[in-house]
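Read the structure below first, then the notes.
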Ligand code: LUB
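In the numbering used here, the protein residues as written are 157 to 336.
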């Protein structure tokens, strides 16, 4: 957690392994035992960020909503994670700083685009999608909008209002792609 807090607060370049060791009250050696480089620490946090979403999908799927509502609910829960989960916040900042990180990081956005495209395709098959809306284009637009919304919240409010801001934008976006 300590490293995630520091990466979120200061970013990759401005965080040293010594800072992490101090924050978690371990020796540098102990941190290096678990993570041979600072890059390895960043990779672990970004991977943990992405590991959140399949767990979330299982939880939301268990609610038994239709595909369109499942898509909306997934993004609503993601907004709560971006607002409150320091691992998710750190992963997002590290992905922005990926050009400065000499490590293989997961490609951002693609899994969310793919998930939303499959949910919106199912929504189309269920008659929940406005005629003429392409699931792939709408999925890409939703991810772009979400990314922008949480980023603006981060810059303007330290992510304290991700949820209400996303709720406003989500209402507009889903209102424009759902049938009826
Ligand atoms: C999401 C971010 C921030 C996509 O999937 C990702 O990589 C994301 C971090 O890179 O927003 C929108 C859910």
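All residues carry an ideal CB built from backbone N, CA and C; glycine is no exception.
Quantities reported herein were computed from a predicted structural model and do not represent experimental measurements.
task: Please report how far the alpha carbon of residue 176 lies from the alpha carbon of residue 158, in whole angstroms.
output: Taking the straight line joining both Cα atoms gives about 6 Å.
- request: Measuring alpha carbon to alpha carbon, tell me which of 315, 246 and 227 ends up nearest residue 331.
  value: Nearest of 315, 246 and 227 to residue 331, Cα basis: 227.
query: Taking C-alpha atoms, which residue in 308, 173 and 313 lies nearest to residue 189?
result: Of the listed residues, the one whose Cα sits closest to residue 189 is 173.
query: Candidates 211, 180 and 168: which alpha carbon is nearest residue 195's?
result: Cα-wise, what sits closest to residue 195 is 168.
query: What did DSSP end up calling residue 298 once you bin it into helix, strand or coil?
result: Note: residue 298 maps to helix in three-state DSSP.
- request: Quick one: residues in its chain with C-beta nearer than 7 Å to the C-beta of residue 237, no 5 flanking neighbours on either side, listed in chain order?
  value: Counting only residues of its own chain and dropping the five nearest sequence neighbours on each side, residue 237 has a CB closer than 7 Å to the CB of 208 and 244.
field: ligand 1 site residues, beta-carbon cut 5 Å against heavy atoms
entry: Residues with their Cβ less than 5 Å from any non-hydrogen atom of ligand 1, running along the chain, are 248, 251, 264, 265, 268, 299, 302 and 303.
task: Within 10 angstroms of the Cβ of residue 210, are there 16 or more other Cβ atoms? Answer buried if so, exposed if not.
output: Exposed.
- request: Note down, one range per segment and in chain order, each alpha helix (DSSP H) of at least 4 residues found wholly within the region 157-226.
  value: Complete alpha helix (DSSP H) runs here, min 4: 158-166, 173-179, 184-190 and 194-217.
field: Beta-carbon proximity of residue 234 to residue 303, cut-off 8 Å
entry: Against a cut-off of 8 Å, the Cβ pair of residue 303 and residue 234 comes out as no contact.
- prompt: Based on Cα-Cα distance, which residue from 257, 222, 229 and 223 lies nearest to residue 163?
  reply: The residue with the shortest Cα to Cα distance from residue 163 is 257.
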